[in-house]
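There are 2 protein chains.
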Amino acid sequence: MAPRTTQILEAAARLIARRGVRGLRVEELAAEAGVSTGLIYYHFKDRTGILRHTLEFISDRAERYTTARDEGAAPPDPREELVETLLLELQDTPEVRENSAAWGELRASAVFDDALREDLARATQVWVQEVSALLGAVRPAAPAHALAEAAERLTAHLEGLSMRWLSGGLRIDRARDLMRGAIRAELAVLGAEGTEDAGAVE
Amino acid sequence: MAPRTTQILEAAARLIARRGVRGLRVEELAAEAGVSTGLIYYHFKDRTGILRHTLEFISDRAERYTTARDEGAAPPDPREELVETLLLELQDTPEVRENSAAWGELRASAVFDDALREDLARATQVWVQEVSALLGAVRPAAPAHALAEAAERLTAHLEGLSMRWLSGGLRIDRARDLMRGAIRAELAVLGAEGTEDAGAVE
DNA sequence: GTCTATAACGGGATAGAC
DNA sequence: GTCTATCCCGTTATAGAC
Numbered sequence: 003m004a005p006r007t008t009q010i011l012e013a014a015a016r017l018i019a020r021r022g023v024r025g026l027r028v029e030e031l032a033a034e035a036g037v038s039t040g041l042i043y044y045h046f047k048d049r050t051g052i053l054r055h056t057l058e059f060i061s062d063r064a065e066r067y068t069t070a071r072d073e074g075a076a077p078p079d080p081r082e083e084l085v086e087t088l089l090l091e092l093q094d095t096p097e098v099r100e101n102s103a104a105w106g107e108l109r110a111s112a113v114f115d116d117a118l119r120e121d122l123a124r125a126t127q128v129w130v131q132e133v134s135a136l137l138g139a140v141r142p143a144a145p146a147h148a149l150a151e152a153a154e155r156l157t158a159h160l161e162g163l164s165m166r167w168l169s170g171g172l173r174i175d176r177a178r179d180l181m182r183g184a185i186r187a188e189l190a191v192l193g194a195e196g197t198e199d200a201g202a203v204e
Numbered sequence: 003m004a005p006r007t008t009q010i011l012e013a014a015a016r017l018i019a020r021r022g023v024r025g026l027r028v029e030e031l032a033a034e035a036g037v038s039t040g041l042i043y044y045h046f047k048d049r050t051g052i053l054r055h056t057l058e059f060i061s062d063r064a065e066r067y068t069t070a071r072d073e074g075a076a077p078p079d080p081r082e083e084l085v086e087t088l089l090l091e092l093q094d095t096p097e098v099r100e101n102s103a104a105w106g107e108l109r110a111s112a113v114f115d116d117a118l119r120e121d122l123a124r125a126t127q128v129w130v131q132e133v134s135a136l137l138g139a140v141r142p143a144a145p146a147h148a149l150a151e152a153a154e155r156l157t158a159h160l161e162g163l164s165m166r167w168l169s170g171g172l173r174i175d176r177a178r179d180l181m182r183g184a185i186r187a188e189l190a191v192l193g194a195e196g197t198e199d200a201g202a203v204e
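Chains A and B are the protein sequences, given in the same order.
Using the numbering used here, the letters of the first sequence map in sequence onto residues 3 to 204.
Using the numbering used here, the letters of the second sequence map in sequence onto residues 3 to 204.
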């Protein structure tokens, strides 16, 4: 993909996170990207084209940064890794906030836009499977379908908490605590096999 | 509330569920409600006013149909009531779909619209407290803050599942199963006191 | 490929009659 | 309270030069 288009898509992602899909103005996008409106239409045909490409761009990027962070020193124990991975999405940093907001917008838009559904479903599935694998590392004795269910729950749960956070009804610390609690509860139900304890019941 | 305003708000809820907040056109709303645009502005000042009142309308209605179903024969045991209340929001009927879709839209809109945040937060809190009370009936021995946390998680979780359902990534039956699993997990963590067992682990 | 200038339009909002 | 008519602004989208 040409550098110019990437530059525009990055700006679009920033802007969608800041103003929402509905609040995205082509002229504002042009300014943010440092190009003209004409160029944007040259590359993306129309407003919908901008949106479609941006959403694709965002979901690709989310996959990348979730997987990326596997370089550091000692690989932490499985439970730590699970928790870290999930809490990664609940941080008040520009990057995470941007991706979460854009993701939420994407999800909400898909309710009314068939064109987005397929991409979204695929991206979700990748994410669920990754979490499922992490759960499996913590609870090796648990059956695959139970892991899959727990993963589907935890990721859906995360999205719910994320929306509450972004819409101002939940502070980030509280959201993180709640997510930790959810993980604890799921692991408890999955059984105490493996290396971990089931966590204290408060 | 005057019959005319109710009529408009019903139409607004229908339209938001069908087209999204983003797709709501005042003129279209007027047509749907069978009134003129002028009348809508007379009653609701501006577009944001329409949205705010619709949100209130929706959350009242949800409360009503959540609380309403307490007429039937024998009041079911507390756990049954908790499960039923939560699963009530995961049904593929026009009424529920409409309420859920509109609620999701308003939540998503609130991320970028300060005017909606306060109302939304209040409505959410009512809902959380209701669930908290139901949880308390199942687990009388659990401390209040643990109940509150579990309630906050379950409702956020429900919203997450609901969005996946509405955006086509999750079938309704599956969503209901996942929700049941989440309730089971939360109750397990809250302890086995009370009249209930903790449920089988699959 | 990229820009500037502008056409074309959708839709929010208001005025004023009834 | 309710309607019709309309204004007008913000935005999308295009034309044409470079």
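Just so it is clear, CB atoms sit at the ideal spot from N, CA and C, and this is done for glycine as well.
Simplified DSSP state of residue i, which is helix, strand or coil
i                : result
Ser38 (chain B)  : coil
Asp62 (chain A)  : helix
Pro5 (chain A)   : helix
Thr95 (chain A)  : coil
Ile185 (chain A) : helix
Val203 (chain A) : With a pLDDT of 44 at Val203 (chain A), under the threshold of 50, the modelled position of that residue is not reliable, and no figure is offered here.
Pro80 (chain A)  : helix
Arg20 (chain A)  : helix
Ser102 (chain B) : helix
Leu172 (chain A) : coil
Arg54 (chain B)  : helix
Leu26 (chain A)  : coil
Asp179 (chain B) : helix
Leu192 (chain B) : coil
Leu163 (chain A) : helix
Leu89 (chain B)  : helix
Test: residue i CB closer than 8 angstroms to a CB of chain B
i                : result
Arg89 (chain A)  : Sequence check: residue 89 (chain A) is Leu here, not Arg. Chain B, which has no Cβ nearer than 8 angstroms to the Cβ of Leu89 (chain A), makes this no.
Arg99 (chain A)  : no
Leu180 (chain A) : yes
Ala103 (chain A) : yes
Ser38 (chain A)  : no
Gly51 (chain A)  : no
Leu41 (chain A)  : no
Ala153 (chain A) : no
Glu107 (chain A) : yes
Arg54 (chain A)  : no
Ala184 (chain A) : yes
Ala110 (chain A) : yes
Arg63 (chain A)  : no
Asp199 (chain A) : With a pLDDT of only 47 at Asp199 (chain A), under 50, the local geometry of the prediction cannot be trusted, and the value read off the model is given with reservation. Answer no: the Cβ-Cβ gap between Asp199 (chain A) and chain B never drops below 8 angstroms.
Expected contact under 8 angstroms - CB spacing of residue i and residue j to nearest Å
i                : j                : result
Gly22 (chain A)  : Glu107 (chain A) : 6 angstroms
Leu189 (chain A) : Ala177 (chain A) : With 8 angstroms as the limit, Leu189 (chain A) and Ala177 (chain A) do not qualify as a contact, their Cβ atoms being about 19 angstroms apart.
Val1 (chain A)   : Thr157 (chain A) : With chain A covering 3 to 204 only, the question about residue 1 (chain A) has no answer from this structure.
Ala14 (chain A)  : Leu41 (chain A)  : Not really, about 13 angstroms apart at Cβ, beyond 8 angstroms.
Leu17 (chain B)  : Leu11 (chain B)  : About 10 angstroms separates the two Cβ atoms, so there is no contact after all.
Ala139 (chain A) : Leu192 (chain A) : Not quite, the Cβ-Cβ distance comes to about 12 angstroms (not below 8 angstroms), so this is no contact.
is_contact[residue i, chain A] using C-beta, thresh 8 angstroms
i                : result
Phe59 (chain B)  : no
Ala158 (chain B) : yes
Gly25 (chain B)  : yes
Arg81 (chain B)  : no
Leu163 (chain B) : yes
Ala190 (chain B) : yes
Arg173 (chain B) : no
Arg16 (chain B)  : no
Ala146 (chain B) : no
Leu168 (chain B) : yes
Arg66 (chain B)  : no
Arg6 (chain B)   : no
Ala150 (chain B) : no
Contact test: residue i Cβ vs the ligand PLP heavy atom, cutoff 7 angstroms
i                : result
Val133 (chain A) : The ligand PLP is not among the ligands present in this structure, which contains no ligands whatsoever.
Worksheet entry | Contact residues within the segment 113-144 of chain B, judged by C-beta distance below 7 angstroms to chain A | Val113, Phe114, Arg119, Leu122, Ala123, Thr126
Fill in: Contained alpha helix (DSSP H) runs [length at least 4] in the segment 107-157 of chain B, N- to C-terminal order
116-140
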